[in-house]
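Each residue of the sequence shown is one higher than the last, beginning at 189 in the numbering used here.
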Amino acid sequence: MGPIRNMRVCKYPNPAQDTAAFSQAAVAVKAPKVLKSLSRKLGDFRLQRGPKFGRGELDAAFQAMGTLRADGLAVAGESFFDSWRQKIVALASRFKIPAAYAWRENVALGGLLSYGTSLTDSYRRAGIYTGRVLKGEKPSDLPVMQPTRFELAINLKTAATLGVTVRPILLTRADEVIE
189 MGPIRNMRVC KYPNPAQDTA AFSQAAVAVK APKVLKSLSR KLGDFRLQRG PKFGRGELDA
249 AFQAMGTLRA DGLAVAGESF FDSWRQKIVA LASRFKIPAA YAWRENVALG GLLSYGTSLT
309 DSYRRAGIYT GRVLKGEKPS DLPVMQPTRF ELAINLKTAA TLGVTVRPIL LTRADEVIE
């Protein structure tokens, strides 16, 4: 499983501005494929965009997914989901929804699996980028820094709780397996 090459680059259109923005690769596109390859039990499923919801609506959103018997859930690596990491992992467990996350930290909390960039590596790269700016380089002159390290983590205890048998090939590809 190589890195996804789909990168959204955001540079402000005004070249006079000394600001630039960058984003993570769109690993959420790959997460459902990894989730599907986890087990034959999950079978074929299609990705549907869920409704937008806010902080107070997490319980209702998971209740709806439970009622609809969602086959799986792909959770993007965005600040909203990061700030509610523990609750989202707990709700996925409570409603027995196999979930793929962007960060391995979710798997350490009991999430089923994650496939995404290394947070440690991403923060290190952000520090390097910030250091270059603090030393006087203009952000608009700096190259976009793309993630280069991707991690696959699987929680076998959670898989057993969900009744999902992890395929051996996926276990051999995993960077971390929690038993």
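Here a beta-carbon is modelled for each residue, glycine too, at the ideal position from N, C-alpha and C. Owing to the predicted nature of the structure, the values given are computational and were not obtained by experimental measurement.
- Rounded to whole angstroms, the Cβ separation of Ala288 and Tyr303 is 6 Å, and the two are in contact under 8 Å.
- According to the DSSP assignment, Glu293 belongs to the alpha helix (DSSP H) that extends over Arg292 to Ala296.
- DSSP lists no bridge partner for Val352.
- With 16 or more other Cβ atoms inside 10 Å of its own Cβ, Phe250 counts as buried.
- Counting C-beta pairs with one atom in each stretch, the segment 339-347 and the segment 285-301 have three or more that are closer than 8 Å, which means they touch.
- The DSSP-derived three-state label of Phe283 is coil.
- Proximity of the segment 306-317 to the segment 330-343 meets the contact definition, three or more beta-carbon pairs being nearer than 8 Å.
- Excluding the 5 residues flanking it on each side, Gln274 has same chain C-beta neighbours closer than 7 Å at Leu297, in chain order.
- When the alpha-carbon of Arg312 is set against those of Pro327, Val295, Gln334 and Asn294, the nearest one is in Gln334.
- Inter-residue distance for Ser328 and Glu364 is about 37 Å (C-alpha atoms, whole angstroms).
- Here Leu340 carries a strand assignment [DSSP, helix/strand/coil].
- Taken through DSSP and simplified to helix, strand or coil, Ala362 comes out as coil.
- At the C-beta level, Gly265 and Ala290 come within 8 Å of one another.
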